[in-house]
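Input: a single structure, listed below in structure tokens.
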Amino acid sequence: MLNKINIAVLVGGGGTNLQALLDAADRGEIPSGNISLVISGKEGAYALERAKKHNVPTATADRKWYEKQEDFEEAILSSLKENNIRLIVLAGFMWILSADFIEKSGCKIINVHPALIPSFCGKGFYGLKVHEAALEYGVKVSGATVHFVNEIPDGGQIIMQKAVDVLDDDTPETLQKRIMEQAEWKLLPAATQKVCEELIKES
Ligand code: GAR
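Take 2 as the starting number for the sequence shown in my numbering and just add one per residue.
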């Protein structure tokens with residue numbers, strides 16, 4: 002039986018969700034996992050700096066470097082294998098991974114999405130676009146979802162969700178910030194620990 006699951010966090014932007022994971026791990030809230038690797042899909046992403054400050058090894062596979070999706074995914078797969086990764090956490094990783102990648106990785110994959118799935122999700126709904134769509138629709142409640150990743154974008158089994166109020170004077174930016182603070186940064190570490198615990202039980 003394994004006692005800790007090696008986790009790779011895949012990022013692409015500012016990395017505040019990565020920071021929430023690193024801070025939770027420091028507080029002892031992810032006892033069943035070890036954040037062993039951070040992979041960025043974008044060269045120079047600030048998330049990489051956050052990883053380095055925490056002495057977590059990093060790798061970059063910039064989508065722009067590869068003509069084909071397959072080659073991009075192969076680069077990520079080889080970093081995963083080298084580090085014996087069992088759980089992939091997508092935290093602001095904006096590229097859709099193929100069914101072939103999911104199968105070849107041999108890992109469980111989870112993602113944080115900044116809305117209450119099945120609302121405002123799927124292809125094209127990422128980052129601020131999600132909050133723009135929520136405000137345009139006029140919903141009074143939004144939130145965040147952590148779910149397993151399968152071949153359907155944002156279509157895998159839901160692990161945790163948390164609702165957050167939408168205020169009358171919200172902009173996409175203020176709504177994004179509130180959803181991160183009240184939902185994403187809490188849910189993602191909790192869901193990561195839950196999945197690691199389950200993986201240990203299965204091992
Ligand atoms: C987060 O709000 C995350 O939920 C979202 O991008 C932001 C990344 O911020 N992800 C998606 O929209 C995926 N569909 P971060 O880099 O500061 O964690």
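All C-beta atoms, glycine included, are put in the ideal place defined by N, C-alpha and C.
| query | result |
| --- | --- |
| In angstroms with no decimal places, state the Cα-to-Cα distance between residue 85 and residue 159. | 25 Å |
| Report whether the distance from the Cβ of residue 138 to the nearest heavy atom of the ligand GAR is below 7 Å. | no |
| Enumerated in chain order, which unbroken segments of the beta strand (DSSP E) with a length of 3 residues or greater are wholly contained in the region 89–138? | 109–114 |
| Quick check: is any heavy atom of the ligand GAR less than 7 Å from the C-beta of residue 175? | no |
| Confirm the yes/no value for this check: CB of residue 114, any heavy atom of the ligand GAR, distance under 7 Å. | yes |
| Below 7 Å, is the gap between the Cβ of residue 98 and the nearest heavy atom of the ligand GAR? | no |
| Please name the residue or residues paired with residue 82 in a DSSP beta bridge. | Note: residue 82 sits in no beta bridge, so no partner. |
| Can you check whether the CB of residue 93 is closer than 8 Å to the CB of residue 16? | yes |
| Kindly indicate which three-state DSSP category residue 46 falls into: helix, strand or coil? | coil |
| Please name the residue or residues paired with residue 8 in a DSSP beta bridge. | 36 and 88 |
| For residue 65, is the classification buried or exposed, using 16 other Cβ atoms within 10 angstroms of its Cβ as the cut-off for buried? | exposed |
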